[in-house]
Amino acid sequence: MTTRTIITAIYPGTFDPITLGHEDLMRRAAGMFERLVVAVAVGHHKKTLFPLDERLAMVQEAAAPLGNVEVCAFDGLLRDFVRSHAGRVVVRGLRTGGDFEYEFQMAGMNRKLMPEVETIFLTPGEHHQYTSSTFVREIATLGGEVAEFVSPGVLARLNDKFKEA
Numbered sequence: 001m002t003t004r005t006i007i008t009a010i011y012p013g014t015f016d017p018i019t020l021g022h023e024d025l026m027r028r029a030a031g032m033f034e035r036l037v038v039a040v041a042v043g044h045h046k047k048t049l050f051p052l053d054e055r056l057a058m059v060q061e062a063a064a065p066l067g068n069v070e071v072c073a074f075d076g077l078l079r080d081f082v083r084s085h086a087g088r089v090v091v092r093g094l095r096t097g098g099d100f101e102y103e104f105q106m107a108g109m110n111r112k113l114m115p116e117v118e119t120i121f122l123t124p125g126e127h128h129q130y131t132s133s134t135f136v137r138e139i140a141t142l143g144g145e146v147a148e149f150v151s152p153g154v155l156a157r158l159n160d161k162f163k164e165a
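Position 132, counted from 1, in the sequence shown is what full-length UniProt numbering calls 132; the numbers after and before it change by one each time, with no gaps.
See the structure below:
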């Protein structure tokens, strides 16, 4: 009889807002690992459009159909969050070659800080390769249509946000 190790993966990000590309990566990572923790960054280094509680709610809505996904807020070093959740893998998304250089450097630094943890890179499906939260926010801010980039719930929140403006 053998025992199977449950592998916990951590998918960190600001998710401001969560896009269909993020959701694609979350579903695929949830299929690869027994437990996936989506770590929503407080975002102290960025001014976010949505406050943390709304970003958590949007990610929780996206994660609801997946039985093995937890959504948590995090602040501070990713290393500390990963260790506190018994993470063995960090999941990062790559859309373009430009993402690779930054993500490669971050993966190298994370390896120095937590050598017991691996980083894996996933690419979104072809329909989401150029979708980013930044583009979605900019398009929505200027009154453009973003329905093809976000879920209906996120779209409603974006529409509400810009009705207020």
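Idealized CB from N, CA, C, for every residue including glycine.
Cα-Cα separation, residue i to residue j
{"i": "L142", "j": "D16", "result": "16 Å"}
{"i": "V59", "j": "F100", "result": "24 Å"}
{"i": "A107", "j": "I139", "result": "30 Å"}
{"i": "Y130", "j": "Y11", "result": "19 Å"}
{"i": "G76", "j": "G43", "result": "10 Å"}
{"i": "R111", "j": "F121", "result": "14 Å"}
{"i": "L20", "j": "F149", "result": "6 Å"}
{"i": "M26", "j": "T8", "result": "13 Å"}
{"i": "T5", "j": "N68", "result": "15 Å"}
{"i": "L66", "j": "M109", "result": "31 Å"}
{"i": "V146", "j": "V136", "result": "6 Å"}
{"i": "I18", "j": "L94", "result": "15 Å"}
{"i": "F104", "j": "G98", "result": "10 Å"}
{"i": "A156", "j": "P124", "result": "23 Å"}
{"i": "S151", "j": "E70", "result": "19 Å"}
{"i": "P51", "j": "A41", "result": "11 Å"}
{"i": "H85", "j": "T134", "result": "28 Å"}
Limits of the unbroken alpha helix (DSSP H) element including residue i
{"i": "E145", "result": "No alpha helix (DSSP H) holds E145; DSSP gives it neither H nor E."}
{"i": "Y102", "result": "G97 to L113"}
{"i": "L49", "result": "No alpha helix (DSSP H) contains L49, which DSSP labels as neither H nor E."}
{"i": "R83", "result": "L78 to S84"}
Whole-Å CB distance - residue i paired with residue j, under 8 Å assumed
{"i": "E118", "j": "V89", "result": "5 Å"}
{"i": "A57", "j": "E23", "result": "No, A57 and E23 are not in contact; Cβ-Cβ is about 14 Å, not under 8 Å."}
{"i": "L49", "j": "K163", "result": "Between K163 and L49 the Cβ distance is about 14 Å, and since that is not below 8 Å, they are no contact."}
{"i": "L113", "j": "R79", "result": "4 Å"}
{"i": "A30", "j": "C72", "result": "In fact, because the Cβ distance is near 15 Å, the residues do not count as touching under 8 Å."}
{"i": "T14", "j": "K46", "result": "6 Å"}
For residue i, three-class secondary structure by DSSP
{"i": "L36", "result": "strand"}
{"i": "V69", "result": "strand"}
{"i": "V136", "result": "helix"}
{"i": "A64", "result": "coil"}
Run of the beta strand (DSSP E) containing residue i, from where it starts to where it stops
{"i": "P12", "result": "T8 to G13"}
{"i": "I120", "result": "E118 to L122"}
{"i": "V91", "result": "G87 to G93"}
Proximity test, Cβ basis, 8 Å: residue i and chain C
{"i": "D75", "result": "The displayed structure is made up of one protein chain only, and chain C is not part of it."}
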